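Position one of the first sequence corresponds to residue 0 (numbering that gives the first Met the number 0), numbered consecutively onward.
Written below as structure tokens is the structure these notes are about.
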Amino acid sequence: MQYWLMKSEEDVYSIQDLEREGSTCWEGVRNYEARNIMRDGMKEGDLVLFYHSNADPPGVAGTARVVREAYPDHFAFDRKSNYFDPKSDPDNPRWLMVDVGWVETFPEKVSLARLREEDSLQEMALFTRKRLSVQPVEKDEFNRVVEMGRGG
DNA sequence: GCCAACGTTGGC
DNA sequence: GCCAACGTTGGC
């Protein structure tokens, strides 16, 4: 079992949207490192910190679970999609996505400011790899953030 | 809306 | 293969 953090712009897709829908495909990742993490790292059942970016405040809003492993992101082939990429060939797809299912919405979002104050979380990729939208999280880090999210 | 960080592109 | 220009992310 491994742990991950995935960022979504709050006004594009939030944990509340995921809670309502139950599960969703995580389309639109257009960064090779993030893609490789989904392709090579994410396994069904892995747990995910769901992070709201471009939010006030930004922070971890809940958790999710990988329910389908990496498969082609067909939005890259859709000319009308914001995620269209003319360089992705349907016969050799450049971009992948996973499906995630809702697990938990925290009573209160764990803000970036609170994460930053937490000594045990200083090594999180959230801080060391600021712009990566899909990133690995250590088990202890995951558990600590969940604890904080539940009010701990 | 600004802008720092940083990944990507493309000329050479 | 270098690196400047460019584009995007994402906090503030």
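We put the CB at the ideal spot given by N, CA and C, even for glycine.
Since the model is a prediction, treat every value here as computed from it, not as a measurement.
**OP:** With DSSP as the reference, label aspartate 88 as helix, strand or coil.
**Re:** Position 89 of the first sequence holds residue 88. Aspartate 88: strand per DSSP, three-state reduction.
Original post:
For the alpha helix (DSSP H) that glycine 58 lies in, which residues bound it at each end?
Top reply: Counted from its first residue, the first sequence places residue 58 at position 59. First-last for glycine 58: 58 to 71, but that is the beta strand (DSSP E), not the alpha helix (DSSP H).
Subject >> serine 80, DSSP secondary structure in three states >> reply: Reading the first sequence from its first residue, position 81 is the one you call residue 80. Of the three classes helix, strand and coil, the one that applies to serine 80 here is coil, per DSSP.
Subject >> proline 89 and phenylalanine 74 closer than 8 Å at C-beta >> reply: Position 90 of the first sequence, counted from the start, is the residue given in the question as residue 89. Position 75 of the first sequence, counted from the start, is the residue given in the question as residue 74. No, the Cβ-Cβ distance between proline 89 and phenylalanine 74 is not below 8 Å.
**OP:** Would you be able to state if there are at least three C-beta pairs under 8 Å between the stretch 80 to 89 and the stretch 30 to 50?
**Re:** no
**OP:** Would you kindly work out how many angstroms separate the C-alpha atoms of valine 104 and glutamate 18, rounded to a whole number?
**Re:** Walking along the first sequence from the start, residue 104 turns up at place 105. Walking along the first sequence from the start, residue 18 turns up at place 19. The sequence shown places threonine at residue 104, not valine. Going by the C-alpha atoms only, they are around 7 Å apart.
Original post:
Of all the options Glu43, Gly58 and Gly44, which has the alpha carbon lying nearest to the alpha carbon of tyrosine 50?
Top reply: Position 51 of the first sequence holds residue 50. Nearest C-alpha to tyrosine 50: Gly58.
Original post:
Assuming alanine 60 contacts lysine 138 under a Cβ cut-off of 8 Å, what Cβ separation, rounded to an integer in Å, is found between them?
Top reply: Indexing the first sequence from 1 puts residue 60 at position 61. Indexing the first sequence from 1 puts residue 138 at position 139. Alanine 60 to lysine 138, Cβ: 20 Å. No contact.
Subject >> Outcome for glutamate 32 when other beta-carbon atoms lying within 10 angstroms are tallied against a minimum of 16 >> reply: Sequence index remark: in the first sequence, residue 32 carries index 33 (1-based). That one is exposed.
Subject >> Own chain residues within Cβ distance below 7 Å of valine 66, not counting five before or after >> reply: Start at 1 with the first residue of the first sequence, and residue 66 comes out as number 67. Counting only Cβ-Cβ distances below 7 Å, and skipping sequence neighbours, we find Ser22, Glu43, Asp98, Val99 and Gly100.
Original post:
Below 8 Å between beta carbons: does that hold for leucine 46 and leucine 125?
Top reply: Here residue 46 is taken as the residue at index 47 of the first sequence, counted from 1. Here residue 125 is taken as the residue at index 126 of the first sequence, counted from 1. No; because the gap between Cβ atoms is not below 8 Å, this pair is not in contact.
Original post:
What are the start and end residues of the alpha helix (DSSP H) that includes glycine 148?
Top reply: Position 149 of the first sequence, counted from the first residue, corresponds to residue 148. Note, glycine 148: alpha helix (DSSP H), 138 to 148.
Subject >> DSSP state of glutamate 26 mapped onto helix, strand, coil >> reply: Along the first sequence, one-based indexing puts residue 26 at 27. Three-state result, glutamate 26: coil.
Original post:
Leaving out the 5 sequence neighbours to the left and right, which residues in its chain are closer than 7 Å to glutamate 26 when beta-carbon positions are compared?
Top reply: As a working mapping, residue 26 is identified with position 27 in the first sequence. Answer for glutamate 26: Asp72, Phe74, Tyr82 and Met96, listed in chain order.
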